[in-house]
Amino acid sequence: RIMSEIAGISVVQTAAELLSNPVLGRGLLLGGISGVPPAKVVILGAGVVAEFATRAALALGASVRIFDDNIHKLIRIQNRIGRQMYTSSLNPVTLTRQLMSADVVIGAIHRKTGRAPLLVSEEMVMQMRPGSVIIDVSIDQGGCIETSEVTTHDHPTRVVYGVIHYGVPNIPSKVARTASIGVSNIITTILQQAGDAGGFQHLIYEH
445 RIMSEIAGIS
455 VVQTAAELLS
465 NPVLGRGLLL
475 GGISGVPPAK
485 VVILGAGVVA
495 EFATRAALAL
505 GASVRIFDDN
515 IHKLIRIQNR
525 IGRQMYTSSL
535 NPVTLTRQLM
545 SADVVIGAIH
555 RKTGRAPLLV
565 SEEMVMQMRP
575 GSVIIDVSID
585 QGGCIETSEV
595 TTHDHPTRVV
605 YGVIHYGVPN
615 IPSKVARTAS
625 IGVSNIITTI
635 LQQAGDAGGF
645 QHLIYEH
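Put into structure tokens, the structure is as follows:
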């Protein structure tokens, strides 16, 4: 969960950088200003990554659309954000229409086992606007966007049909110090509990 929180916040920061790139990007500010509408962010998935990506995007003033086939997750994310938002089931017609006008698409679908489902086809990507951004967080599980491929921190992006694709796996490694402290906070607590219990065997027995 900690890594998902980091990934959700990081992808929005990355999207803002790529979208504002004057060469490859659309030269847009993620949040709007007076007289200029904000960028549209489409998020595929309604889990922890999506929740924190939504929080970060809304904080920057972006317009957010969330898609997921699990209605309970859509209800939960709205309750946690604390406001009514645009949410939809994964209807291909509705999704295609939103992708055509999207500035940023974040793939945040996660499966407990196996490959992530392909939600965005190559034909859908071809209809997106040049300079728009795709960040596929699901790339760890093969990606949920057909045109996604694994990239690295040294060469994080590739352009396909004019759309900037970001496919770096293990996104929290971009902010390694924050990630390390986050994990240490959890491990330290477990170590302290083991010490109080008289060792790991006693801790496991008691819990």
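Numbering (my numbering), first residue to last: 445 to 651.
All C-beta atoms in this analysis are idealised placements derived from N, C-alpha and C, irrespective of residue type, glycine included.
Computed from a predicted model, the values in this text were never measured in an experiment.
Where the beta strand (DSSP E) containing residue i begins and where it ends
i, result
"K484", "K484 to L488"
"V564", "Element bounds for V564: n/a, residue is neither H nor E."
"I634", "First-last for I634: A620 to A641, but that is the alpha helix (DSSP H), not the beta strand (DSSP E)."
Residue nearest to residue i in terms of C-alpha spacing, selected from the options
i, options, result
"P574", "R470, A451 and I446", "R470"
"I510", "V486, A546, A638 and P613", "V486"
"I519", "G489, A500 and T538", "G489"
"Q522", "H646, R499, S576 and S582", "R499"
"G586", "G558, V604 and E566", "G558"
"S532", "S628, H599, L463 and Q542", "Q542"
"V537", "E590, V619 and E567", "E567"
"A638", "E650, S576 and H599", "E650"
"I578", "L539, V492 and I550", "I550"
"Y605", "L468, G452 and A497", "L468"
"Q528", "L539, S545, L502 and N514", "L502"
"A483", "S464, A620 and A623", "S464"
"S545", "Q571, G526 and P561", "Q571"
"E495", "H597, I525 and I515", "I525"
"Y610", "I625, E593 and V492", "E593"
"T591", "H599, H597 and S582", "S582"
"D598", "V612, S454 and I608", "V612"
According to DSSP, residues forming a beta bridge with residue i
i, result
"D584", "Per DSSP, none; premise fails for D584."
"E609", "What sits at residue 609 in the sequence shown is His, not Glu. DSSP, once it has assigned bridges, lists I578 and R602 as partnering H609."
"F511", "L488 and S532"
"I477", "V480"
"V437", "Nothing about residue 437 can be reported from this structure: the residues present for the chain run from 445 to 651 only."
"I589", "V564"
Endpoints, alpha helix (DSSP H) assigned at residue i
i, result
"I525", "I515 to I525"
"T458", "I446 to L463"
"R573", "Premise fails: R573 is in no alpha helix (DSSP H) and is neither H nor E."
"H646", "F644 to E650"
Minimum Cβ-Cβ distance from residue i to chain B less than 9 Å
i, result
"H554", "Absent here is chain B; the protein component of the structure consists of one chain."
State whether the segment 452 to 469 contacts the segment 499 to 509, with contact taken as three or more CB pairs (one from each stretch) at a distance under 8 Å. Yes, the segment 452 to 469 touches the segment 499 to 509.
The segment 468 to 484 contacting the segment 551 to 570, beta-carbon criterion three pairs below 8 Å: Between the segment 468 to 484 and the segment 551 to 570, the count of C-beta pairs closer than 8 Å stays below three; the two stretches do not touch.
Should the segment 631 to 648 be regarded as contacting the segment 603 to 616, the criterion being three or more beta carbon pairs within less than 8 Å? Because the criterion of three Cβ pairs below 8 Å is not met, the segment 631 to 648 and the segment 603 to 616 do not touch.
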